[in-house]
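For reference, the structure is listed below as structure tokens.
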Amino acid sequence: MNENKQKISFFIVCIRDFGVYHNLTPREAYSYLDRHKGLQFLIDCYEAEHTLSIEDAVADMTAVCKRNGGRLG
Numbered sequence: 003m004n005e006n007k008q009k010i011s012f013f014i015v016c017i018r019d020f021g022v023y024h025n026l027t028p029r030e031a032y033s034y035l036d037r038h039k040g041l042q043f044l045i046d047c048y049e050a051e052h053t054l055s056i057e058d059a060v061a062d063m064t065a066v067c068k069r070n071g072g073r074l075g
């Protein structure tokens, strides 16, 4: 699998699992992460985040979103 496909797969899994963890649909999770900068964090920090567990990535995205006005977590 090429690098871009790996990144896309990782982002999809993270968004889905973020939604599951916070009881959101994938669409709601994507919108929330986009609004509170969790997606940008994941893109910017991909090199480090993809070496961690998905649970760690979800926790990190939750913390970033909370710092940016999100109320989940």
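Residues 3 to 75 in the working numbering are what the sequence shown lists, from first letter to last. By construction, the Cβ of each residue, glycine as well, lies at the ideal position given by its N, Cα and C atoms.
Residues of its chain near residue i, where Cβ-Cβ distance is below 7 Å and the 5 sequence neighbours each way are ignored
i     : result
His38 : Cys67, Asn70, Gly71, Gly72
Val15 : Ile56
Leu26 : Tyr34
heavy atom of the ligand SAM below 8 Å from residue i C-beta
i     : result
Asn25 : As for the ligand SAM, it is missing from this structure, which has no ligand bound.
Through-space distance from residue j to residue i, alpha-carbon basis
i     : j     : result
Glu30 : Ala59 : 18 Å
Met3  : Lys9  : 10 Å
His52 : Tyr32 : 18 Å
Gln42 : Phe13 : 11 Å
Cβ neighbours of residue i in the same chain (closer than 6 Å, five flanking residues each side left out)
i     : result
Arg18 : Pro28
Gly40 : Met63, Val66, Cys67
Tyr23 : Val60
Which listed residue (the options) has its alpha carbon closest to that of residue i
i    : options                    : result
Asn6 : Ile45, Ile56, Gly75, Ser55 : Ile45
Leu1 : Gln42, Gly21, Ala50, Phe43 : Lying outside 3 to 75, the shown extent of the chain, residue 1 is not represented and no answer is given.
With 16 other Cβ atoms within 10 Å as the buried cut-off, status of residue i
i     : result
Glu49 : exposed
Leu35 : buried
Neighbourhood of residue i by C-beta distance below 8 Å, restricted to the same chain and skipping five residues each side
i     : result
Ser11 : Met3
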